[in-house]
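Only one structure is covered here, and it is reproduced in the block below.
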Amino acid sequence: MEHIEDDVRVMSNLHRSLVKGGILFIHTPAQKFDSRTVEEHHSFVGEHVRDGYHIDELREKLYEAGFRRVELRFTYGRWGMLSWWLMQGIPFRMLQRFKPLVVLLPLYYLLVFPFANRFMVADLPLDHLEGGGLLAWAWK
Numbered sequence: 059m060e061h062i063e064d065d066v067r068v069m070s071n072l073h074r075s076l077v078k079g080g081i082l083f084i085h086t087p088a089q090k091f092d093s094r095t096v097e098e099h100h101s102f103v104g105e106h107v108r109d110g111y112h113i114d115e116l117r118e119k120l121y122e123a124g125f126r127r128v129e130l131r132f133t134y135g136r137w138g139m140l141s142w143w144l145m146q147g148i149p150f151r152m153l154q155r156f157k158p159l160v161v162l163l164p165l166y167y168l169l170v171f172p173f174a175n176r177f178m179v180a181d182l183p184l185d186h187l188e189g190g191g192l193l194a195w196a197w198k
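Position in the sequence shown counted from 1, then plus 58, gives you the numbering used here.
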C-alpha cells in the first residue's frame, strides 16, 4: 500500500470485490507518524509515496473504505528488523551505491541467510508493542 497514492480508493475497490464476510489481508510498513501529516518521506525505494502507516491511520482508512471490522498488529520487532536489514536493507543500499556489487549478492546471501532466517523465526511469535510492519485483517 505504500506504493499507492490513492490508497483509500484501492482499499474501497478491494472491499467491493470481496464477497460478504470476505477478509482482506495486508502487510505494509509501519511508521510512528501519520503519513497524512508528513510531506516528505525517506524510503530508499524510489516508488514509495509514503514510508508506511501509523496504526491509527491504516485502521481509519480501512473503515473509510467500508470494512466493518479491522484488526491490526505490529510485525518486525527487534529481531525481525535485524533480519530485514540483513536481507533487504543492506543489499539494496549497497547496490544503490555501486551496481556491480550485484555479482557478490549470492555469496552475501549464502553467508547471511542462516542468521537472518533464525532472527525472523525468533520474531514471529512475539506480540510487539511497536514494529517495522503492520499486519491488517479487514472484514467486509
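Think of the CB as a built atom: it goes at the ideal place given N, C-alpha and C, for glycine as much as any other residue.
What are the start and end residues of the alpha helix (DSSP H) that includes W137?
Here the question's residue 137 lines up with position 79 in the sequence shown. W137 -> alpha helix (DSSP H) spans 136-142.
Starting from R67, trace the alpha helix (DSSP H) in both directions and tell me its first and last residue.
Translated into positions along the sequence shown, residue 67 becomes position 9. 65-75 is the span of the alpha helix (DSSP H), which, as asked, contains R67.
Range of the contiguous alpha helix (DSSP H) that encloses I81:
One-based indexing of the sequence shown puts residue 81 at position 23. That residue, I81, is in no alpha helix (DSSP H); its beta strand (DSSP E) goes 81-87.
Excluding five sequence neighbours on each side, which residues of the same chain lie with their C-beta closer than 8 angstroms to the C-beta of F91?
Indexing the sequence shown from 1 puts residue 91 at position 33. Cβ neighbours of F91 beyond the five flanking positions: H112.
Tell me the DSSP secondary structure of F91 in three-state form.
Reading the sequence shown from its first residue, position 33 is the one you call residue 91. In this structure, F91 counts as coil in the three-state DSSP scheme.
Applying the criterion that 16 or more other CB atoms from any shown protein chain within 10 Å of the CB defines a buried residue, is F125 buried or exposed?
Mapped onto the sequence shown, residue 125 falls at position 67. Buried is the call here.
Measuring CB to CB, does Y166 end up less than 8 angstroms from P149?
Here residue 166 is taken as the residue at index 108 of the sequence shown, counted from 1. Here residue 149 is taken as the residue at index 91 of the sequence shown, counted from 1. Yes; because the gap between Cβ atoms is below 8 angstroms, this pair is in contact.
Which one or two residues does DSSP pair with G191 in a beta bridge?
Taking the sequence shown and counting its residues from 1, one reaches residue 191 at position 133. Partner(s): P87, T133.
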